[in-house]
């Protein structure tokens, strides 16, 4: 399915595009803040558009750090410059499939809602890898309408799971994989580009997303067999039994908006 996010920008549509992205801001922010590489010296925002999300990258940089925003739309870059006066940004007009940068210059590369726009997505991902320093991180986020079997947990169970899942990162475990092979294509693309330690996270973008916490949006699409083992130490037997009972009922397939986020490193 085509992505509702991946809309080519032009000057008359800049405001509309920002509004289109707005519901996904909590989810994107959650993922970005969990990536240690955001504290590197150079962060690259590929297909940055008007630069509304480029500021997130700047917040994780040291005083001498820089954010480089690249986009083919010169009008969008002009707006980005106006929105970020005096900030540590460099705005460049360029094609993601032939980035106007030397190799090994960025600690973090961030590409939101653009992968489906590139004529050759594999080539673009190889370019993202090329400009990364060894050990650098790439984050690719894309929204799409997909068939999913989402678990719409009752509010009380959703709160229990979210609280328990919040304890999991302390154990060093990677995020729980999404169910039904969601994101396997994105993972394969990142792997083909030569990136390593690939992780893909899936978030359910519901119509009332403003009232849905980012953890709940991820847990709705999580593989319960894996999630159960991760959260069990922080749930009582009675709570776990309730979750098991709810999860046993196989959800009906539905078409929903899903945010897929791929995270990988350059080895």
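In this note's numbering, the protein residues as written are 1374 to 1640.
Heads up, the beta-carbon is just placed ideally off N, CA and C, and yes, glycines get one too.
Counted as a single uninterrupted DSSP element, the stretch harbouring residue 1421 is not any beta strand (DSSP E), since DSSP gives it neither H nor E. A direct Cα-Cα distance of roughly 45 angstroms separates residue 1537 from residue 1466. At a Cβ-Cβ threshold of 8 angstroms, residue 1540 and residue 1494 do not count as neighbours. The Cβ-Cβ distance between residue 1477 and residue 1506 falls below 8 angstroms. Residue 1595 is a Cβ neighbour of residue 1551, given a cutoff of 8 angstroms. Of all alpha-carbon atoms in 1439, 1530, 1628 and 1577, the one lying nearest the alpha-carbon of residue 1611 is that of 1530.
The beta-bridge partner set that DSSP reports for residue 1631 consists of 1517 and 1577. For residue 1440, the uninterrupted beta strand (DSSP E) run begins and ends at 1439-1444, by DSSP. Taking the C-beta atoms as reference points, residue 1400 is found no nearer than 8 angstroms to residue 1483.
Segment contact: the segment 1512-1525 against the segment 1623-1639, three or more CB-CB distances shorter than 8 angstroms; contact assigned. With a threshold of 16 other beta carbon atoms within 10 Å, residue 1549 meets it and is buried. Shown here for residue 1468: same chain residues with a beta carbon closer than 7 angstroms to its own, the five before and five after excluded, namely 1445 in chain order. About 5 angstroms separates the CB atoms of residue 1524 and residue 1593; that is less than 8 angstroms, so the two are in contact.
Distances from the alpha-carbon of residue 1559 to those of 1432, 1439 and 1489 put 1489 closest. DSSP places residue 1571 in the strand class (E or B) of the three-state scheme.
Here the alpha carbons of residue 1553 and residue 1419 stand approximately 29 angstroms from one another. One Cα belongs to residue 1457, the other to residue 1624, and the distance between them is close to 45 angstroms.
Following the DSSP letters along the chain, one finds residue 1404 inside the alpha helix (DSSP H) bounded by residues 1398-1406. Of the residues assessed, residue 1427 falls on the buried side of the cut-off, its CB having 16 or more other CB atoms within 10 angstroms.
When the Cα atoms are used, residue 1417 and residue 1461 turn out to be separated by approximately 12 angstroms.
Under the criterion of beta carbons closer than 8 angstroms, residue 1535 and residue 1588 qualify as touching, at roughly 4 angstroms. In summary, residue 1591 is buried, with 16 or more beta-carbon neighbours lying within 10 Å of its beta-carbon over all protein chains present. Only residues of its own chain outside the window of five on either side were considered, and among them 1400, 1590, 1591 and 1632 have a CB closer than 6 angstroms to the CB of residue 1576, listed in chain order.
For residue 1619, there is no enclosing beta strand (DSSP E); the enclosing alpha helix (DSSP H) covers residues 1610-1621.
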